[in-house]
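Engineer:
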Amino acid sequence: MLGTVVVLQRARMASPRKTTKRPTTGPSSTSSGPPAKKGHWSLGLLDTMKDPSFQVYTDDRVVVIKDKYPKARFHYLVLPREQIAKLKALKPCHLDLLRHMEEVGDKVIKEAIGEEGLTYRLGYHAVPSMSHLHLHAISQDFDSPTLKTKKHWNTFTTAYFVESKEVIDQLEMDGKVDTSSKNPDALLKLPLRCHVCKLELGNIPKLKAHIVTHIKKS
Ligand code: AMP
Ligand code: ZN
Numbered sequence: 782m783l784g785t786v787v788v789l790q791r792a793r794m795a796s797p798r799k800t801t802k803r804p805t806t807g808p809s810s811t812s813s814g815p816p817a818k819k820g821h822w823s824l825g826l827l828d829t830m831k832d833p834s835f836q837v838y839t840d841d842r843v844v845v846i847k848d849k850y851p852k853a854r855f856h857y858l859v860l861p862r863e864q865i866a867k868l869k870a871l872k873p874c875h876l877d878l879l880r881h882m883e884e885v886g887d888k889v890i891k892e893a894i895g896e897e898g899l900t901y902r903l904g905y906h907a908v909p910s911m912s913h914l915h916l917h918a919i920s921q922d923f924d925s926p927t928l929k930t931k932k933h934w935n936t937f938t939t940a941y942f943v944e945s946k947e948v949i950d951q952l953e954m955d956g957k958v959d960t961s962s963k964n965p966d967a968l969l970k971l972p973l974r975c976h977v978c979k980l981e982l983g984n985i986p987k988l989k990a991h992i993v994t995h996i997k998k999s
């Protein structure tokens, strides 16, 4: 049985509190280097998780928050209450939790999108910038002023975005999750390509002007 949805509103309507400055996404100092120190921006999700103005759903196992720098009209993060730093830390005992995270993410974004007719995806970044495991639930319009860079685009529209189902299947089959075979660094360098019609665009402003033409059609 799922818990209570506290607030559902368009992700871009968030009015976040001011916190320490940090890149909206960036190369991870937590994924390969030493653990981040207390107060480091990469630990920001742990603070936001506790902030009722960001929470849209809570239960005894997960908290769902609005993404502070949404990359689409609807963009949520599903976080386990259990301390799990990253995909690599997952063990088969987490399978049930991952399925729950997917179920909750699906319910939250479906309810938020309502009748707007947008599609959405549920997945993890191959190499996240932020510490603490988080499942993205994101609508596929990518119509957001905080989507600004090629890195933003490629992390959500190439194989860098690993479907929740793929993570669960891998954990089930291999007993662990390893995304290194995807060659994530190379994926970030791919040319900008529309996720709907695959047209290649020369820069972010051109891409953004193009993708809005697909909204309502996708
Ligand atoms: P990633 O670690 O690449 O999977 O993505 C981290 C996501 O967290 C991005 O979509 C950011 O916009 C979002 N984000 C970054 N800092 C915060 C924060 N303090 N609170 C909520 N969301 C955040
Ligand atoms: Zn297109």
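Numbering (my numbering), first residue to last: 782 to 999.
We treat Cβ as the ideally placed atom computed from N, Cα and C, and that holds for glycine.
Alpha carbon to alpha carbon, what distance is there between V943 and A907?
Structural biologist: Within the sequence shown, residue 907 is the residue found at index 126, counting from 1. Within the sequence shown, residue 943 is the residue found at index 162, counting from 1. Each residue's Cα considered, the two are about 6 angstroms apart.
Engineer: Can you confirm whether the stretch 815-829 touches the stretch 896-913 when touching is taken to mean that 3 or more C-beta pairs between the two stretches lie within less than 8 angstroms?
Structural biologist: As far as the Cβ criterion goes, the stretch 896-913 touches the stretch 815-829, which means the pair count is three or higher.
Engineer: What does DSSP give as the partner residues of V859 in its beta bridges?
Structural biologist: In the sequence shown, residue 859 corresponds to position 78, counting from 1. Bridge partners of V859: V845, L916.
Engineer: Roughly how many whole angstroms lie between the Cα atoms of H976 and T938?
Structural biologist: Along the sequence shown, read from residue 1 onward, the residue named residue 976 stands at position 195. Along the sequence shown, read from residue 1 onward, the residue named residue 938 stands at position 157. Their backbone Cα atoms lie some 6 angstroms apart in a straight line.
Engineer: With 16 as the cutoff for other CB atoms within 10 Å, does G886 come out buried or exposed?
Structural biologist: For the purposes of this step, residue 886 is identified with residue 105 of the sequence shown, where counting begins at 1. Answer is buried; the Cβ neighbour count reaches 16.
Engineer: Which residue or residues does DSSP assign as beta-bridge partners of G904?
Structural biologist: Counting from one through the sequence shown, the residue named residue 904 turns up at place 123. According to DSSP, which records beta bridges pairwise, G904 is partnered with H917, E944.
Engineer: Where does R974 sit, in a helix, a strand or coil, going by DSSP?
Structural biologist: For the purposes of this step, residue 974 is taken as the residue at position 193 of the sequence shown. R974 falls in the strand class under three-state DSSP.
Engineer: I want to know whether the stretch 833-845 touches the stretch 857-867 - three or more CB-CB distances under 8 angstroms.
Structural biologist: These segments touch.
Engineer: So which of L968, H881, S925, E896 has the shortest CA-CA distance to Y838?
Structural biologist: Counted from its first residue, the sequence shown places residue 838 at position 57. Here the closest residue by C-alpha is H881.
Engineer: Would you call the CB atoms of S945 and R854 closer than 8 angstroms?
Structural biologist: Stepping through the sequence shown from its first residue, residue 945 is reached at position 164. Stepping through the sequence shown from its first residue, residue 854 is reached at position 73. No, they are not a contact pair.
Engineer: I believe V889 touches A918 by the beta-carbon criterion, under 8 angstroms. Please report the beta-carbon distance rounded to the nearest angstrom.
Structural biologist: The sequence position of residue 889 within the sequence shown is 108, counting from 1. The sequence position of residue 918 within the sequence shown is 137, counting from 1. About 6 angstroms separates the two Cβ atoms, so the contact holds.
Engineer: Tell me which residues share the same chain as T829 and place their Cβ nearer than 7 angstroms to its Cβ, disregarding the 5 neighbours each side in the sequence.
Structural biologist: Residue numbering aside, residue 829 sits at position 48 when the sequence shown is read from its first letter. The answer, listed in chain order, is F835, I846, K849.
Engineer: When the Cα atoms are used, what is the spatial distance from L878 to D955?
Structural biologist: Sequence index remark: in the sequence shown, residue 878 carries index 97 (1-based). Sequence index remark: in the sequence shown, residue 955 carries index 174 (1-based). Their backbone Cα atoms lie some 17 angstroms apart in a straight line.
Engineer: Closer than 5 angstroms between the C-beta and any heavy atom of the ligand ZN: which residues qualify, listed along the chain?
Structural biologist: The answer, residue by residue, is C975, V977, C978, L980.
Engineer: Spell out the partners DSSP gives E884 in its beta bridges.
Structural biologist: Here residue 884 is taken as the residue at index 103 of the sequence shown, counted from 1. Per DSSP, none; premise fails for E884.
Engineer: Considering only the beta carbon of each residue, do N935 and L971 sit closer than 8 angstroms?
Structural biologist: Residue 935 sits at position 154 when you count from the first residue of the sequence shown. Residue 971 sits at position 190 when you count from the first residue of the sequence shown. Yes, these two residues count as a Cβ contact at 8 angstroms.
Engineer: Is it buried or exposed for T994, if we count other Cβ within 10 angstroms and need 16 for buried?
Structural biologist: One-based indexing of the sequence shown puts residue 994 at position 213. Exposed, because fewer than 16 other Cβ atoms sit within 10 Å of the Cβ of T994.
Engineer: What I want to know is whether the C-beta of G1025 ends up closer than 7 angstroms to one or more non-hydrogen atoms of the ligand AMP.
Structural biologist: The chain is shown from 782 up to 999; residue 1025 falls before or after that span and cannot be answered.
Engineer: Is T829 near the ligand AMP, in the sense that its beta carbon is under 7 angstroms from a heavy atom of that ligand?
Structural biologist: The sequence position of residue 829 within the sequence shown is 48, counting from 1. Yes, the ligand AMP has a heavy atom inside 7 angstroms of this Cβ.
Engineer: Suppose you measure from the CA of K831 to the CA of I865; what does that come to, to the nearest Å?
Structural biologist: For this step, residue 831 is matched to residue 50 along the sequence shown. For this step, residue 865 is matched to residue 84 along the sequence shown. Computed Cα separation, rounded: 16 angstroms.
Engineer: Could you spell out where the alpha helix (DSSP H) holding L969 opens and where it closes?
Structural biologist: On the sequence shown, position 188 is the one that residue 969 refers to. Taken as a continuous stretch (DSSP letters only), the alpha helix (DSSP H) holding L969 covers 965-969.
Engineer: Got a sec, what are the start and stop residues for the alpha helix (DSSP H) K931 sits in?
Structural biologist: Numbered from its first residue, the sequence shown carries residue 931 at position 150. Residues 931-938.
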